[in-house]
Structures are given as structure tokens and as C-alpha cells.
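Counting the sequence shown from 1 gives a position; the numbering used here is that position plus 9.
Structure first, commentary second.
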Amino acid sequence: MYDIADIIKFDGVVPKAFEIAARNPAEPDREVRLACRNIFRSQKTLGKLIPLIEEILMAGGITPPLPPNDAQPPAIPEPKPFGDSGHQGNS
């Protein structure tokens, strides 16, 4: 069983963790947490997670779940994409 983190962690987290461990710092867990925070910010990871989940569900032919009836809409709605599922953009 894998989760979304398993898909993205080798892009930056694992190499950085090994780099930090090789230096043998006094607080390796803290240094890795801070480095991960910086990686997530620089790679804009948070903004990529939902599209990645949607892409994975579409590849498996799984219909994404509908939001619950009491769900709040986004404060700033996303623009509707154009094109088919393989060629979507927001221009």
C-alpha cells in the first residue's frame, strides 16, 4: 500500500534526509523537518497534491468522490479547465 507521499518523496525529501544524516548533526530530525519545509515551499508541493491525486484517480478509472452535502465551497474557486482530460489547461 502506498500513499501520495510515497510518490513525491524521492524528488527531494529522501536525498535531503540522507545528505543531512551524512553530516551527523546534533538534531537530525529538526534539520530534516526544516529542510523538508523548504523543499515543499520551493517545489510548491502543496499546490501539486490535489492535481496529483486527481491524475492518479483518473489513470485508474476511479471517479473522484463527491464532496459531502455540508462541505463549504472554496473561498476562491478554481477556473474551469478547458480541453480533454489529457490536455487540460487554465489559460
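Think of the CB as a built atom: it goes at the ideal place given N, C-alpha and C, for glycine as much as any other residue.
Keep in mind the model is a prediction, meaning the values are calculated, not measured.
- Counting along the chain, Asp15 sits inside the alpha helix (DSSP H) bounded by residues 13-17.
- Ranked by how close their Cα comes to the Cα of Val22, the residues Ala35, Pro82, Arg50 have Arg50 in first place.
- Where Ala31 is concerned, the enclosing alpha helix (DSSP H) starts and stops at 22-32.
- Spanning the alpha carbons of Asp93 and Ala68 requires a straight line of approximately 14 angstroms.
- One alpha carbon belongs to Glu63, the other to Pro73, and they sit about 7 angstroms apart.
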